[in-house]
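Start counting the sequence shown at 583; every next residue gets the next number (my numbering).
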Amino acid sequence: MKERFVSYAQFLEDLVAYHALREVFEKNGGVFIDVGANDPVEWSVTKQLYEKGWTGINIEPLTEKYEALCADRTEDINLNIGISDEPGTMKFLVANDLSSFDEDTIKSVLRNSKDKVEKTVEIEVKTLRSVIEDNLNKLGSDNILFCKIDVEGFEDKVIRSMDLNRERPWLFCVEYRNPEKWEHMLLKNKYEFVLEDGINRWYVDSHRKSEIGSRIVQGKELVKEYDVFLVLNYDYMQELYKTNALDDFYIFVKKFKWVIKNKGIMGLFKICMSHMKGKNRKNSDKLEEG
Numbered sequence: 583m584k585e586r587f588v589s590y591a592q593f594l595e596d597l598v599a600y601h602a603l604r605e606v607f608e609k610n611g612g613v614f615i616d617v618g619a620n621d622p623v624e625w626s627v628t629k630q631l632y633e634k635g636w637t638g639i640n641i642e643p644l645t646e647k648y649e650a651l652c653a654d655r656t657e658d659i660n661l662n663i664g665i666s667d668e669p670g671t672m673k674f675l676v677a678n679d680l681s682s683f684d685e686d687t688i689k690s691v692l693r694n695s696k697d698k699v700e701k702t703v704e705i706e707v708k709t710l711r712s713v714i715e716d717n718l719n720k721l722g723s724d725n726i727l728f729c730k731i732d733v734e735g736f737e738d739k740v741i742r743s744m745d746l747n748r749e750r751p752w753l754f755c756v757e758y759r760n761p762e763k764w765e766h767m768l769l770k771n772k773y774e775f776v777l778e779d780g781i782n783r784w785y786v787d788s789h790r791k792s793e794i795g796s797r798i799v800q801g802k803e804l805v806k807e808y809d810v811f812l813v814l815n816y817d818y819m820q821e822l823y824k825t826n827a828l829d830d831f832y833i834f835v836k837k838f839k840w841v842i843k844n845k846g847i848m849g850l851f852k853i854c855m856s857h858m859k860g861k862n863r864k865n866s867d868k869l870e871e872g
């Protein structure tokens, strides 16, 4: 019988990480670090890991998202800070759904958009090295299995703030902007690039590659190994649980395999986006007809 996997992530990143690291976690335990955790549910890469029994450190500068993390991830360590290569305070720019410490990224994204910077707030920043030193022992494991970084152009500062001689996640997932600015730091520290999924680049510790390298594959390749429930709208998923109407959602997931095969990952993404705009039932019906 296939294992059920409820994916909350945008491109099945949670499934990729889980499949790669499941056996290691079951044998030795381990934790995750989520830098730029944002919402605890919507498009979360670590939500399903948490539901599978993992714990980790979630780092989120936006107060409202941090408070949501505290409410949802009671077994995790949640920190309302930013990460940089020097401790202190920094200006954090917020523009609609985009936020970053990197002003150039914000300007570049907004250049051809009607959106504007809504607010700028002063945020405490720490090095990831100090966060790990201060908090890892509270989780009962020093085995960092997975580190996800989503910081909108600030990747180089985050990676530089780590001591990769001491703190070596088995697997990195980095949502990338301009990887030429930071990738060399991972490669120099004996990480190997293994996967690109459209918005993220994945790197494995070269010392661990023999153990998990063959298990790091695209999410679309894993659909046949799991019963995947793709959570496009959390409120809608809650409705289905309450009404015992999961069969309706499972029909969509079956057709999700068809979308992957015939439309590719971007075709799936477009359908995800339309679902998140509240068109769940309508699009599910269309897929069933397809």
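C-beta atoms are modelled at their ideal positions from N, C-alpha and C, and glycine is treated no differently. Computed from a predicted structure; not experimentally measured.
Buried versus exposed call for residue i [16 or more other C-beta atoms within 10 Å across all chains shown]
i, result
"Met583", "exposed"
"Ser796", "exposed"
"Ser712", "exposed"
"Tyr590", "buried"
"Tyr648", "buried"
"Arg748", "exposed"
"His601", "buried"
"Ala653", "exposed"
"Arg586", "exposed"
"Asn610", "exposed"
"Asp779", "buried"
Pair within 8 angstroms by beta-carbon distance, residue i and residue j
i, j, result
"Leu651", "Glu642", "yes"
"Ser792", "Gly612", "no"
"Ile798", "Val786", "yes"
"Ser743", "Ile663", "no"
"Val588", "Ile794", "no"
"Leu727", "Leu603", "yes"
"Arg790", "Trp764", "no"
"Leu675", "Glu685", "yes"
"Val733", "Ser682", "yes"
"Val813", "Lys730", "no"
"Asp596", "Val623", "no"
"Lys720", "Thr702", "no"
Where the alpha helix (DSSP H) containing residue i begins and where it ends
i, result
"Ser792", "791-794"
"Val713", "710-717"
"Phe607", "595-610"
"Val691", "685-692"
"Arg523", "No answer is possible for residue 523: the residues shown for the chain start at 583 and end at 872."
"Tyr808", "Segment 808-812 is the beta strand (DSSP E) holding Tyr808; no alpha helix (DSSP H) there."
"Tyr590", "Premise fails: Tyr590 is in no alpha helix (DSSP H) and is neither H nor E."
Residue interval of the beta strand (DSSP E) (run including residue i)
i, result
"Ala677", "670-677"
"Leu753", "753-757"
"Leu644", "Run containing Leu644: none; DSSP gives neither H nor E here."
"Lys730", "726-731"
"Arg783", "782-787"
CB-CB length for residue i against residue j, believed under 8 angstroms
i, j, result
"Gln592", "Ile781", "7 angstroms"
"Ala599", "Leu644", "Between Leu644 and Ala599 the Cβ distance is about 23 angstroms, and since that is not below 8 angstroms, they are no contact."
Q: Kindly confirm or deny that the segment 725-737 and the segment 756-772 touch, where touching means at least three C-beta pairs closer than 8 angstroms.
A: yes
Q. With a cut-off of 8 angstroms, do at least 3 Cβ pairs link the segment 761-780 to the segment 695-710?
A. no
(Q) Contact between the segment 669-678 and the segment 622-638 is defined here as three or more beta-carbon pairs at a separation below 8 angstroms; is this criterion met? (A) no
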